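Below: one structure, written as structure tokens.
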Amino acid sequence: MKEEITLQPETSNTKSKDYNLEVDNGTLQKLQALLGSPLAVIKHGGKGLFKSILALVILAAINLSFFVYSLFNIGESKTYTPILVLLLGLVFTCWYAYKAYNYIYINVTREAFKGLAPIFKKVCGIAVDVVSNKAKNGETKIAKTHVSATDIVNKINNLPYLVKKILIFLFNRIPLSGIINEAWDVINSGDNEKATDVVYGKLSSFANNKIFNKNKFNWILWYIPLNIIVLVVLIKLL
């Protein structure tokens, strides 16, 4: 079932223009299930979840082994060596958990991005309207260099919190000002509908190529060896 949402961005002079669009309630419910909590994100991690858990088990086993080794060889090193080994092991494990969660979160957010396409496109349309109006008022330079999608999203009063959170998460990683500059000729032509299509197309391409497709897990191949090397050096030096 689809529901019509009216976006009403606040403006400095308290006037606002309404932007209407239809959003599938099923999509919003799916977003809640996917990203409603950290546990929900982890639960829907898919293949990324299996790899992340496997690497976590390996990392924890390695750090625990070094800690036990330092305990059994405490007579050959400083008495505080096991504590340092334990602390470093915890640092490596916690940092890994943070990075792995981000990896899973971006994977899950890819699905949210598809479902929220109408809202992303509408925000692009609002941005086009804003910069187009500034250009008409002789503020071309400001319009081309000071475009903040997060400001636009934050000023929309009636967006569900989770939707707003996802929009801001992605827009913080997308150079909208650069995209606006690339599409400036179309925007400056006055055809805002066409300009919106161009801006959204470039935004979608950037999100897929620079965010989602580059969200790899390959870093674990150097992270685990680094963990081992640091602990070996620590034990040898102390």
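Residue numbers (this note's numbering): 1001 to 1238. Yeah, the Cβ is synthetic: ideal placement off N, Cα and C, and Gly gets one too. Please read all numbers here as calculations on a predicted model, not as lab measurements.
- Membership of G1125 in the alpha helix (DSSP H) is indicated by the continuous run 1117-1136.
- Residue burial annotation: S1052 is buried, with at least 16 other C-beta atoms found within 10 angstroms of its C-beta.
- Fewer than three pairs of CB atoms, one per stretch, sit closer than 8 Å, so the segment 1155-1172 makes no contact with the segment 1184-1200.
- In this structure, Y1096 places its C-beta atom within 7 Å of the C-beta atom of L1059.
- With respect to N1227, F1092 sits close: the two C-beta atoms are nearer than 7 Å.
- With fewer than 16 neighbouring CB atoms inside 10 Å of its own CB, K1114 falls in the exposed class.
- A check of alpha carbon separations from K1043 across I1211, N1063, Y1080, Y1105 identifies Y1105 as the nearest.
- Two segments are said to touch when three or more pairs of C-beta atoms, one from each, lie closer than 8 Å; by this definition the segment 1060-1070 does not touch the segment 1029-1041.
- Taking the Cα positions, A1207 is about 7 Å away from I1174.
- Shown here, I1042 sits in a helix according to DSSP, grouped into three states.
- In this structure, DSSP gives I1156 an extended state, which the three-state scheme calls strand.
- The three-state secondary structure of N1073, taken from DSSP, is coil.
- Taking E1182 as the centre and dropping the five residues before and after it, the same chain places the C-beta of K1202 closer than 8 Å to its C-beta, in chain order.
- About 12 Å separates the CB atoms of V1199 and I1152; that is not less than 8 Å, and the two are not in contact.
- In the DSSP annotation of this structure, the continuous segment of the alpha helix (DSSP H) that includes N1227 starts and ends at 1220-1237.
- In the displayed model, T1196 falls within a helix according to three-state DSSP.
- Between L1116 and V1147, the beta carbon gap of about 20 Å keeps them out of contact (Cβ cut-off 8 Å).
- Between L1231 and V1085 a beta carbon distance of about 6 Å is seen, short of the 8 Å cut, so the two are scored as contacting.
- DSSP, read as helix, strand or coil, puts I1174 in coil.
- Non-local beta-carbon contacts of T1081 in its own chain, meaning distances under 6 Å to residues more than five positions away in sequence, involve S1070, L1238 in chain order.
- Rounded to whole angstroms, the Cβ separation of T1109 and F1171 is 12 Å, and the two are not in contact under 8 Å.
- When the beta-carbon positions are compared, T1196 and G1125 come within less than 7 Å of each other.
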